[in-house]
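Using full-length UniProt numbering, read the sequence shown as starting at 1 and increasing by one per residue. Here's the structure we're looking at; comments come further down.
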Amino acid sequence: MIDNRINTFLKVCETMNYTAAAKALNLTQPAVSQHIRYLESHYGAPLFAYDKKQLSLTPQGEILLRAAETLSGDETRLKEKIQLAGCDRAQEVIYKAGATMTVGEYALVRPLASLLDDEPEIRIDLTVANTDVLLEKLRAGEIDFAVIEGYFHKDIFGYEVFSTEKYIPVCAAGHRFTSAPGSLKELTGLRLIMREKGSGTRDIMEKNLQAHGLDIRDFSRCMEVSSLSAIIGLVKEDCGITFLYEAAAHEGIMAGQLKEIRLDDFAVEHDFTFVWNKGSLYENEYRSLCRKLKRRKDSA
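Okay, here's the thing in structure tokens:
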């Protein structure tokens, strides 16, 4: 059971305001201050500092925050395990998982279905959201692990590569270019249809554009859509081009509705990665689950 003073610390980190933390925890502000002072005395280091009246974490506070978030998430999972042990569902293994859209809708479905068929005692409650949202949920202890396509801090999260996927530019199968494009820059006269900020798919696109000295603002027109299936539908109707994983485009390409735009200067692969809070007591369990899913994906 996590010490209440750690819970207070987590709430202050969330609000960066002692008064707001006290209100949320139904404590007095002096009680919140006392909890923080105790922790600072216990660890022998300042956890917070003020800069122009703005509260911020010290480097020591950042270290404690990462550890406290992991402890909080592990305690939630431990509590669920203990509660299940005393009822008819004692054999059930429950995971709260997250997946980004491409992973959840295209890469994970078959291996997950195979796993659940082979091991019916496993229950996975799956949240599909963008990378930023899932990492926030992971740090808050709302999910146990996530399979993401975006970038993440390897000093904060434990991880294992789930798969490596091709990332490609795509247009409607019937799109007619004035002249066949050979470079990324030659696509900028077209409408770019892209995911919202915080999406791993978009983040990877922007980083690769930057590597070529380009930006989304270099495209003549841009359109932001939060639904991957809607983006694919719009591209099929020749409303513009997009950048996505081959796994997401595969069905449309095989059906003759989409085609890859082959460029001389664009050959990108990126990992889909299984991530969890670094230092989790359940790290080996998450690695084992990842490998079970990976084997099923590789054999599909």
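Using N, Cα and C, we set each Cβ at its ideal position, and we do this for glycine too.
Burial state of residue i (16 or more Cβ within 10 Å)
i: Y286; result: buried
i: T201; result: buried
i: D125; result: exposed
i: N26; result: exposed
i: I193; result: buried
i: C222; result: exposed
i: S41; result: exposed
i: E149; result: buried
i: V103; result: buried
i: R37; result: exposed
i: D203; result: buried
Cα-Cα separation between residue i and residue j, rounded to whole angstroms
i: N284; j: P59; result: 28 Å
i: S199; j: Q91; result: 36 Å
i: K236; j: R5; result: 55 Å
i: D75; j: I2; result: One detail in the question is off: residue 75 reads as Glu in this sequence, not Asp. Rounded to whole angstroms, E75 to I2 spans 7 Å at the Cα level.
i: N277; j: L64; result: 13 Å
i: A67; j: L281; result: 11 Å
i: I94; j: L184; result: 45 Å
i: V32; j: Y18; result: 7 Å
Selection from the options that minimises the alpha carbon distance to residue i
i: G189; options: K53, H212, S220 and I204; result: S220
i: H153; options: V235, G104, F274 and A113; result: F274
i: F266; options: P181, A255, S226 and K292; result: P181
i: L244; options: C222, M254, Q257 and H270; result: H270
i: G73; options: I143, E196, G44 and A247; result: I143
i: I156; options: R77, R217, S229 and E62; result: E62
Helix, strand or coil at residue i [DSSP, three-state]
i: N208; result: helix
i: L190; result: coil
i: H270; result: strand
i: E142; result: coil
i: A31; result: helix
i: A45; result: coil
i: L258; result: strand
i: L108; result: coil
Terminal residues of the beta strand (DSSP E) in which residue i lies
i: G158; result: F157 to A172
i: V93; result: V93 to A99
Residue i - containing alpha helix (DSSP H), residue span
i: V12; result: N4 to T15
i: A24; result: Y18 to L25
i: E285; result: E283 to S299
i: L234; result: L228 to K236
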